[in-house]
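Undergrad: Just dropping this structure here.
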Amino acid sequence: MTLRIGNASGFYGDRFDAMREMLTGGELDVLTGDYLAELTMLILGRDRLKDPGAGYARTFLRQLEECLGLARERGVRIVANAGGLNPAGLASRIRELADRIGLTARVAHVEGDDLTSLHPGSLAAHAYLGGFGIATCLREGADVVVTGRVTDAALVTGPAAAHFGWGPTDYDRLAGAVVAGHVLECGTQATGGNYSFFQEGDVRRPGFPLAELHEDGTAVITKHPGTGGFVDVGTVTAQLLYETQGARYAGPDVTARLDTVRLTQDGPDRVRISGVRGEAPPPTLKVGLNRLGGFRNEVAFVLTGLDIEAKAALVREQMEPALAKGAEVRWDLVRTDRPDAGTEEAASALLRLVVRDANQEIVGRALSGAAVELALASYPGFHVLAPPGKGSPYGVFEDVYVPHGAVDHVAVLHDGRRLPVAPARETAVLDDPPTPPLPEPLPEGLTRRAPLGLIAGARGGDKGGNANIGVWARTDEAWRWLAHTLTVDRLRELLPETAELPVTRHDLPQLRALNFVVEGILGEGVAAQHRFDPQAKALGEWLRSRHLDIPEALL
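0 is the number of the first residue of the sequence shown in numbering that gives the first Met the number 0; add one for each residue after it.
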């Protein structure tokens, strides 16, 4: 008995046509959509300030206008976290939509994640719920289930638990579904999108992924026939390492052991996931807090030609009087210039000034006016990339933890019944598993200076203010070298931004992979825009571009 679960959204703003493509492209039982991220919750929180009836992903409702009839016709159930901060409001709007277009659709939603009232000063504070609220809705006959803040994998564990009759202590089965859900959650990242070796397939328009789940918790990751992109052990490995932190991948239903995952190619565009072990979840639930941190403004000065350093020093001195005492000020000189360049752009560097403060006036007119006034009075060739703005609000994300019993997890059914969802029966304090043994190092031989990316893939991601970098080798021999070469100290050498930050390495030998967690590199989270790549999306690609002495036998 196989349950086919597809994905049609990896974020709020993903490909609009994906829902129709997934419903018409092949067989499905359940179609999921992930619309929420740390930054999305802040955006929805600001929407709700303007309109208390808002707070959900409006794109999802527009997609259903086109596709709800198609889903009902094909018997596909839809599960999405598009409810955001207002799942009840979205469920109501879907019912109105169904009535308007003459459809019968049982719409349910999940509540209990919203803890904003318990955290004064936060714009949105939401606990990450598990999948059993979704499972309850589906067992009671729901055709559409919308949720607020659940874990991304819960969109898969919920339908799987409902379909196969799993209970809260079926840890291995639930862990298998968590791993499959984690692979699906970011949509086309599992089918060649954002993939280090993207040139090995046609990824101009990758299809969205689906998982064939089995009662024992194993799964096959694939995609609809004829869609773009590709699915192989590498694409699945890359997504499996994305935004994870260590061998124990904790969630509200189960802790999945990523060091037990086995991936095997099961045919063209088919990767089998097996061997996943699960453990009791930790005793607490994660709560994501989003608040407004203040106001931010940025000016990017363009420095062209000769004397780049002197030009940067001049404008910094000139701007100094306009920078309010106590404001957070950051200067970054980005040397994109080349000597004797054939174009003006290639001859230019960027000097970025970022100022943050609780007072919008300090980062707004005072700063912008000072920059504009330098137009005829500063370094030769003075200009900026864009006119300075008035300063925009930025958000801050942090996480806290509460006991399972601190939330009222409730499945609200299509007929109005409210069924409580019990918290986890068993929990286990999360700790690091024993360090696994590493393979024997490669024998010494000839080496060549070359980019790491010739033999290893990588993917970066964010978790609050921390970044993670998953790095994997493509062969057993390359793994023998990588495991002994890419130490924490070596990573700090290759990525100097990490030199003074806490870095932890986690080994995943069955995936031939290393996972590095870099604490604090993203400041107060993506919404604070602490660095120019605020979600660390390209951190892994920077690492792959760095040169090491690599054994000739691997190249």
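Yeah, the Cβ is synthetic: ideal placement off N, Cα and C, and Gly gets one too.
From the DSSP secondary-structure annotation, give me the bridge partner or partners of GLU397.
TA: GLU397 is bridged to LEU288.
Undergrad: So, are the CB atoms of GLY388 and ASN296 less than 8 Å apart?
TA: Contact: yes.
Undergrad: Taking 8 Å as the threshold (C-beta atoms), are ASP532 and GLY463 in contact?
TA: No, Cβ-Cβ distance for GLY463 and ASP532 is not below 8 Å.
Undergrad: Applying the 10 Å Cβ sphere with the 16-neighbour rule, what's the burial state of PRO119?
TA: That one is exposed.
Undergrad: Is TRP165 helix, strand or coil by DSSP?
TA: Reduced to three states, the DSSP call for TRP165 is coil.
Undergrad: Please state whether DSSP places TYR170 in a helix, a strand or coil.
TA: Note: TYR170 maps to helix in three-state DSSP.
Undergrad: Look at GLY52 and GLY88 and say whether their C-beta atoms are less than 8 Å apart.
TA: Yes, the Cβ-Cβ distance between GLY52 and GLY88 is below 8 Å.
Undergrad: Hey, ALA427 and VAL420: beta-carbon distance below 8 Å or not?
TA: The answer is no: Cβ separation not under 8 Å.
Undergrad: Checking the sheet assignment: what are the DSSP bridge partners for GLY248?
TA: Checking the displayed sequence, the identity of residue 248 turns out to be Tyr instead of Gly. In the DSSP output, where bridge partners are listed per residue, TYR248 has ALA255.
Undergrad: Can you give me the start and stop residues for the alpha helix (DSSP H) that GLY44 sits inside?
TA: Where GLY44 is concerned, the enclosing alpha helix (DSSP H) stretches over 37 to 49.
Undergrad: Measure the Cβ-Cβ separation of LEU584 and LEU542 and say whether it is below 8 Å.
TA: Residue 584 lies beyond the stretch modelled for the chain, which goes from 0 to 554, so this question has no answer here.
Undergrad: Take ARG204 as the anchor and find which of LEU212, HIS213 and ASN193 has the nearest alpha-carbon.
TA: Ranking the options by Cα distance to ARG204, first place goes to ASN193.
Undergrad: Taking 8 Å as the threshold, find out whether the segment 251 to 260 comes into contact with the segment 169 to 186 through three or more Cβ pairs.
TA: The segment 251 to 260 vs the segment 169 to 186: in contact.
Undergrad: Applying the criterion that 16 or more other CB atoms from any shown protein chain within 10 Å of the CB defines a buried residue, is VAL182 buried or exposed?
TA: When all chains shown are included, VAL182 counts as buried.
Undergrad: Quick one: residues in its chain with C-beta nearer than 6 Å to the C-beta of VAL353, no 5 flanking neighbours on either side, listed in chain order?
TA: Once the five neighbours on either side are set aside, the close Cβ partners of VAL353 are GLU297 and ARG329.
Undergrad: Name the one or two DSSP bridge partners that LYS462 has.
TA: In DSSP, LYS462 forms a bridge with ASN465.
Undergrad: With distances taken between CB atoms, is the gap from VAL301 to GLY111 smaller than 8 Å?
TA: Their beta carbons are not under 8 Å apart, which means VAL301 does not touch GLY111 by this criterion.
Undergrad: Does the Cβ-Cβ distance between GLU37 and GLY459 come in under 8 Å?
TA: Not closer than 8 Å, so no.
Undergrad: Can you give me the Cβ contacts of GLU64 inside the same chain, cut-off strictly under 8 Å, excluding the 5 residues immediately before and after it?
TA: Correct list, in chain order: LEU96 and ILE100.
Undergrad: Between which two residues does the beta strand (DSSP E) harbouring LYS222 extend?
TA: Note, LYS222: beta strand (DSSP E), 218 to 222.
Undergrad: I'd like the span of the alpha helix (DSSP H) that includes GLN534, first residue to last.
TA: GLN534 -> no alpha helix (DSSP H), and no H or E assigned at all.
Undergrad: Which first and last residues belong to the alpha helix (DSSP H) in which SER367 is found?
TA: Element bounds for SER367: 364 to 371.
Undergrad: Using the Cβ count rule (16 or more neighbours within 10 Å means buried), how would you classify PRO280?
TA: The residue in question, PRO280, is buried, as its Cβ has 16 or more Cβ neighbours within 10 Å.
Undergrad: Mark LEU437 as exposed unless 16 or more other C-beta atoms lie within 10 angstroms of its C-beta, in which case mark it buried.
TA: Result: exposed.
Undergrad: Return the chain-ordered list of same chain residues with a C-beta closer than 8 Å to the C-beta of LEU117, the five sequence neighbours on each side being excluded.
TA: Excluding residues within five positions, the ones whose Cβ falls inside 8 Å are ALA124.
Undergrad: Can you tell me whether DSSP reads GLN528 as helix, strand or coil?
TA: In the structure shown, GLN528 sits in coil (DSSP, three-state: anything other than H, G, I, E or B).
Undergrad: How far does the alpha helix (DSSP H) with HIS546 in it extend, from its first residue to its last?
TA: HIS546 -> not in any alpha helix (DSSP H); beta strand (DSSP E) instead, spanning 546 to 550.
Undergrad: Count Cβ pairs between the segment 65 to 84 and the segment 185 to 192 that sit closer than 8 Å; are there 3 or more?
TA: In short, these stretches do not touch, since the Cβ pair count stays below three.
Undergrad: Name the residue from PRO442, LEU257 and LEU60 whose alpha carbon lies nearest to the alpha carbon of GLN238.
TA: Here the closest residue by C-alpha is LEU257.
Undergrad: In its own chain, which residues sit with a C-beta less than 8 Å from the C-beta of PRO432, not counting the 5 before and 5 after it?
TA: Result list for PRO432: ALA246, ARG247, ARG256 and ASP258, in chain order.
Undergrad: Count Cβ pairs between the segment 347 to 365 and the segment 318 to 329 that sit closer than 8 Å; are there 3 or more?
TA: Yes: the two stretches touch, three or more of their Cβ pairs being nearer than 8 Å.
Undergrad: According to DSSP, is PRO501 part of a helix, a strand, or is it coil?
TA: It is coil, neither helix nor strand.
Undergrad: If you run the structure through DSSP and keep just helix, strand and coil, what is ARG416?
TA: Coil.
Undergrad: On the three-pair Cβ rule with 8 Å, is the segment 208 to 216 touching the segment 7 to 14?
TA: Output reads no: the segment 7 to 14 does not touch the segment 208 to 216.
Undergrad: Which stretch, first to last residue, makes up the beta strand (DSSP E) that contains GLU278?
TA: Its beta strand (DSSP E) spans residues 276 to 278.
Undergrad: Is it right to say GLY363 is buried, meaning 16 or more other beta carbons lie within 10 angstroms of its own, or is it exposed?
TA: With 16 or more other Cβ atoms within 10 Å, it is buried.
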